[in-house]
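Worksheet: the structure to be examined is printed underneath.
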Amino acid sequence: MKWHMHYLKREDMLDIHGYLVERFGGRLGLNSLDRLIGLVVSQTQTCFGEELYPDLPAKIAALSYTFIKNRPFRAGNTATALLVALRLAHINDQTIEDIEGLSHELAAAARSERSQEQLLQWFNDHLIPGSLTIQPR
Numbered sequence: 001m002k003w004h005m006h007y008l009k010r011e012d013m014l015d016i017h018g019y020l021v022e023r024f025g026g027r028l029g030l031n032s033l034d035r036l037i038g039l040v041v042s043q044t045q046t047c048f049g050e051e052l053y054p055d056l057p058a059k060i061a062a063l064s065y066t067f068i069k070n071r072p073f074r075a076g077n078t079a080t081a082l083l084v085a086l087r088l089a090h091i092n093d094q095t096i097e098d099i100e101g102l103s104h105e106l107a108a109a110a111r112s113e114r115s116q117e118q119l120l121q122w123f124n125d126h127l128i129p130g131s132l133t134i135q136p137r
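Per this note's numbering, the very first residue in the sequence shown carries number 1; after that it's consecutive.
See below:
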C-alpha cells in the first residue's frame, strides 16, 4: 500500500500567517495572491509525469525556500515559512527535531546564505518519524 501524502491548502497558509501577525505583530496581507497559489501548487508539481519534489523533505525544502524568496505576504514570510514547514511535517506524521536550528537555516536562506539544496540536506538530517506534541507553558 502506497503512503498518502498530505498537503497544505491556501487557507492553511493564510491561517498560519494570520496567527503570526495576531500573536507577534506585523502587517497582515498579501503581496500577491498568485505567489501564494503558486506555493500551494508547488507541493504537487510534476515534470514529465514525475513529481518534481518526490518526498517529504524535498517538498518541505522547496516550499520553505520558495516561501522566503517569493514573499507572498507583506511581512512575516520567514516566520510563516517556519510554521508552514512544521505544519507540513506534522500532517504527514513527521517531526522536525531542531526547531531553533530550522529558524537559523531559514533566516540564512532569507539572507541568500543557503540554497534550496542545502535546505533539503538539512531537512533530510532533521526530519524524524512521529508527530511532535507541544505542551503549553
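Just so it is clear, CB atoms sit at the ideal spot from N, CA and C, and this is done for glycine as well.
Exercise for review: Please classify K9: is it buried, with 16 or more other beta-carbons within 10 angstroms of its beta-carbon, or exposed?
Suggested key: exposed
Check your understanding: If you scan the region 82–130 from start to end, which runs of the beta strand (DSSP E) of 3 or more residues do you find wholly inside it?
Key -> 94–96, 127–129
Review point. With 16 other CB atoms within 10 Å as the buried threshold, where does G76 fall?
Key: buried
**Study point:** Residues bridged to I46 [DSSP beta-bridge criterion]
**Key:** Residue 46 is actually Thr in this sequence, not Ile. Paired residues: E51.
Review point. Would S103 be called buried (16 or more neighbouring beta carbons within 10 Å of its own) or exposed?
Key: exposed
Review point. If we ignore side chains and look at the alpha-carbon of each, how far apart do G18 and E51 end up?
Key: 30 Å
Review point. Going by the CB atoms, is the gap between A89 and I99 shorter than 8 Å?
Key: no
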